[in-house]
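Q: Residue numbers (UniProt numbering): 1 to 485.
One structure, pasted below without further comment.
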Ligand SMILES: Nc1ncnc2c1ncn2[C@@H]1O[C@H](COP(=O)(O)OP(=O)(O)OP(=O)(O)O)[C@@H](O)[C@H]1O
């Protein structure tokens with residue numbers, strides 16, 4: 001009855017592969033055998049096989065680590081795990097990660113055969129189960145089945161079980177952090193920590209000590225030893241968000257760490273071997289920042305080993321219904337009333353451009369879940385929400401997260417002052433803060449006007465001479481004729 005089905009067989013022991021292939025072949029099954037976990041994953045990813053029979057330990061990784069990813073990718077595929085490691089813990093782990101059957105070695109051939117046959121039988125019955133139920137069992141880390149996202153998943157799958165440095169590009173709210181987390185959670189460092197640091201959310205002068213830690217007394221306010229994010233992330237993944245906002249000194253230090261594989265705390269002498277996978281992210285055009293002299297080219301090449309470009313939501317409108325439904329489900333799980341989107345509502349959502357991407361969609365759907373009185377959300381409710389958001393989207397003060405520029409400055413300053421404890425920071429704070437704001441304001445305006453200073457002055461609403469003075473003072477390189485951002 002199960003004849004014709006294909007078994008993916010993974011075991012690093014060639015003689016076991018031979019014996020099992022013959023036994024499975026005798027009952028009419030096809031066998032695709034491999035000695036490596038990565039090859040097994042490639043077969044799963046390519047859509048091959050109907051059932052997996054796999055050993056746990058393979059030269060290039062632990063098959064159990066692969067199981068959650070296999071279950072996500074091919075939820076219908078039964079996985080039979082064989083292991084010579086007869087501890088109850090291995091069995092628990094195999095079950096936890098969704099194995100269909102756990103067979104401790106040595107086992108009887110007939111047990112394996114009947115297990116394979118039974119799994120194929122069960123698969124037929126389970127195939128009729130509604131997919132929504134399966135999704136509820138295991139929430140997907142990333143929603144979206146569009147072609148654009150398939151490309152992202154393909155690259156992610158290749159990277160899952162490596163330590164390669166990854167650079168995630170994409171507009172704000174496209175899911176860069178989610179990708180970084182998924183790479184961590186389904187990769188070989190899943191058990192280690194995932195540590196995130198956002199360069200745009202930390203005062204520039206604190207970035208180095210935040211990243212690398214500092215010794216007691218390394219600078220004013222360093223009243224005790226501080227553990228940096230590199231140290232916290234040892235054995236895991238460090239997510240460097242908004243890498244384009246990293247100040248030059250910190251860039252130099254990061255480059256050295258990446259080159260040497262070791263890091264030293266600020267004010268420290270001895271270095272520590274780094275055991276951290278780096279995932280960096282940016283919404284900025286780093287090439288433009290390099291051209292402006294604001295980002296080191298050598299660091300760029302170090303970080304951009306494998307680029308993943310996340311599409312803007314408007315480039316994958318087909319994913320909007322799935323995303324919106326998922327956000328409604330989450331809202332319901334958080335205690336809001338159950339809601340369904342009408343066809344018109346979905347069409348309206350699909351037509352919008354979503355400058356704030358998935359985050360903006362998420363916020364809006366949550367608002368609909370909370371405020372719309374009908375269970376079936378009508379198109380007009382979406383239309384009203386979108387109309388109400390228009391002026392807000394155009395306001396310069398609010399970013400996609402809804403955080404105003406003032407709130408961001410306040411956040412930075414509060415942390416900056418707090419870091420000095422009972423002491424005060426060095427004088428000149430007013431000018432330092434204004435400079436921080438002026439620099440991106442002027443550089444980005446010049447980039448937007450392709451270096452045309454007359455237009456930039458007009459856009460800024462300042463005198464041309466004032467602009468020239470500012471450019472000199474702030475040491476902004478002038479590039480003409482090229483649109484930088
Ligand atoms: N593919 C997706 N599936 C489900 N939720 C998503 C997806 N992409 C993004 N989100 C949700 O959108 C919000 C923004 O995602 P995330 O923080 O990862 O974006 P980001 O690109 O890192 O944003 P920023 O650049 O502003 O930091 C989160 O709440 C996240 O859960």
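Cβ atoms here follow ideal geometry from the backbone N, Cα and C, with glycine treated the same way.
Given residue 375, which residues of its chain have a CB within under 8 Å of its CB, disregarding the five upstream and five downstream residues?
A: Around residue 375: 337, 338, 339, 340.
Q: Grouping DSSP H, G and I as helix and E and B as strand, with all else coil, what is residue 324?
A: Of the three classes helix, strand and coil, the one that applies to residue 324 here is helix, per DSSP.
Q: If we count Cβ pairs, one from each stretch, closer than 8 Å, do we get three or more for the segment 370-389 versus the segment 403-414?
A: With a cut-off of 8 Å, the segment 403-414 and the segment 370-389 do not count as touching, because too few Cβ pairs lie within range.
Q: Kindly indicate which three-state DSSP category residue 354 falls into: helix, strand or coil?
A: Residue 354 falls in the coil class under three-state DSSP.
Q: Express the C-alpha separation of residue 290 and residue 199 in angstroms, rounding to a whole number.
A: Rounded to whole angstroms, residue 199 to residue 290 spans 17 Å at the Cα level.
Q: At what residues does the beta strand (DSSP E) containing residue 457 begin and finish?
A: Where residue 457 is concerned, there is no enclosing beta strand (DSSP E), although the alpha helix (DSSP H) it sits in stretches over 453-460.
Q: In whole angstroms, what is the alpha-carbon distance linking residue 64 and residue 56?
A: Roughly 6 Å between the two C-alpha positions.
Q: Name the two residues that bound the continuous beta strand (DSSP E) containing residue 198.
A: 194-198 is the span of the beta strand (DSSP E), which, as asked, contains residue 198.
Q: With 16 other CB atoms within 10 Å as the buried threshold, where does residue 132 fall?
A: The predicted position of residue 132 is uncertain, since its pLDDT is 31 and thus under 50; a value taken from the coordinates is nonetheless stated next. Exposed, since its Cβ has fewer than 16 Cβ neighbours within 10 Å.
Q: Rounded to the nearest angstrom, how far is the Cβ of residue 61 from that of residue 8, given a contact under 8 Å?
A: Rounded, the Cβ-Cβ distance is 15 Å, inconsistent with contact.
Q: Taking the alpha carbon of residue 78 as the reference point, which residue from 6, 147, 247 has its own alpha carbon closest?
A: The shortest Cα separation from residue 78 among 6, 147, 247 belongs to 6.
Q: State the Cα-Cα distance for the pair residue 20 and residue 109, rounded to the nearest angstrom.
A: Taking the straight line from one Cα to the other gives about 8 Å.
Q: What residue ranges within the UniProt domain "Response regulatory" (6-120) form continuous beta strand (DSSP E) runs of no fewer than 3 residues, ordered along the chain?
A: Correct list: 6-10, 30-34, 51-55, 79-83, 101-104.
Q: Check whether the Cβ atoms of residue 161 and residue 188 sit closer than 7 Å, and answer yes or no.
A: Yes. Within cutoff.
Q: May I have the straight-line CA-CA distance separating residue 53 from residue 83, to the nearest angstrom?
A: Whole-angstrom Cα-Cα distance: 11 Å.
Q: Between the segment 233-245 and the segment 272-286, do three or more beta carbon pairs fall short of 8 Å?
A: They touch, by the three-pair rule.
Q: Using a Cβ-Cβ cutoff of less than 7 Å, which residues in the same chain neighbour residue 284 once the five nearest sequence positions on both sides are dropped?
A: 244, listed in sequence order.
Q: Within 10 Å of its beta-carbon, does residue 26 have 16 or more other beta-carbons around it, so buried, or fewer, so exposed?
A: Residue 26 comes out exposed.
Q: Leaving aside the five residues before and after residue 311 along the sequence, list all residues of the same chain whose C-beta is less than 6 Å from its C-beta, in chain order.
A: Once the five neighbours on either side are set aside, the close Cβ partners of residue 311 are 148.
Q: Give every residue of the same chain whose Cβ lies closer than 8 Å to the Cβ of residue 327, excluding the five residues on either side of it in the sequence, and list them in chain order.
A: Closer than 8 Å at the Cβ level, and outside the excluded window around residue 327, lie 361, 362, 365, 366, 369.
Q: Look at the alpha carbon of residue 382 and the alpha carbon of residue 331, and state the distance between them as a whole number of angstroms.
A: Answer to the nearest angstrom: the Cα atoms are 16 Å apart.
Q: Which residue comes first and which comes last in the beta strand (DSSP E) that contains residue 280?
A: That run of the beta strand (DSSP E) goes 277-282.
Q: When you compare only the Cα positions, how much space is there between residue 137 and residue 441?
A: Bear in mind that a pLDDT of 41 at residue 137, under 50, signals an unreliable position, so the number given afterwards is only what the model happens to contain. In a straight line, the C-alpha of residue 137 is about 47 Å away from that of residue 441.
Q: Can you give me the Cβ contacts of residue 135 inside the same chain, cut-off strictly under 8 Å, excluding the 5 residues immediately before and after it?
A: Caution is warranted here: a pLDDT of 32 is assigned to residue 135, below 50, making its placement in the model unreliable, and no coordinate value can be reported.
Q: Quick test of the definition: if touching needs 3 or more C-beta pairs under 8 Å, does the segment 258-265 touch the segment 209-221?
A: Taking 8 Å as the limit for Cβ pairs, the verdict is that the segment 209-221 does touch the segment 258-265.
Q: Quick one: grab the DSSP three-state call for residue 466.
A: Here residue 466 sits in helix by DSSP.
Q: Looking at residue 202 and residue 213, is the spacing between their C-beta atoms short of 7 Å?
A: Cβ distance not < 7 Å, so residue 213 and residue 202 don't count as in contact.
Q: Using 7 Å as the threshold, is the C-beta distance between residue 280 and residue 156 below it?
A: No.
Q: Roughly how many angstroms separate the alpha carbons of residue 448 and residue 51, rounded to a whole number?
A: So the alpha carbons of these two residues sit roughly 55 Å apart.
Q: If I'm right that residue 302 touches residue 240 with Cβ under 8 Å, what's the distance once you round it to whole angstroms?
A: In fact, because the Cβ distance is near 12 Å, the residues do not count as touching under 8 Å.
Q: Residue ranges of each alpha helix (DSSP H) run of no fewer than 4 residues wholly in the segment 229-291, ordered along the chain?
A: Here the runs fully enclosed are 229-232, 248-260, 286-291.
Q: Just how far apart, CA to CA, sit residue 127 and residue 29?
A: Note that residue 127 has pLDDT 46, beneath the 50 cutoff, so the model's placement of it is unreliable and the number below is only indicative. If you take the alpha carbons of residue 127 and residue 29, they lie about 20 Å apart.
Q: DSSP three-state label for residue 168, please.
A: DSSP places residue 168 in strand when its eight states are reduced to three.
Q: Take the Cβ of residue 24 as the centre, count every other Cβ of all protein chains shown within 10 Å, and call the residue buried at 16 or more, exposed below.
A: Residue 24 comes out buried.
Q: Once you ignore the five residues that flank residue 354 on each side, which residues in its own chain have a CB closer than 7 Å to its CB?
A: 313, 314, 360, 361, listed in sequence order.
Q: Tell me the DSSP bridge mates of residue 340?
A: For residue 340, which the question treats as bridged, DSSP gives the partners 376.
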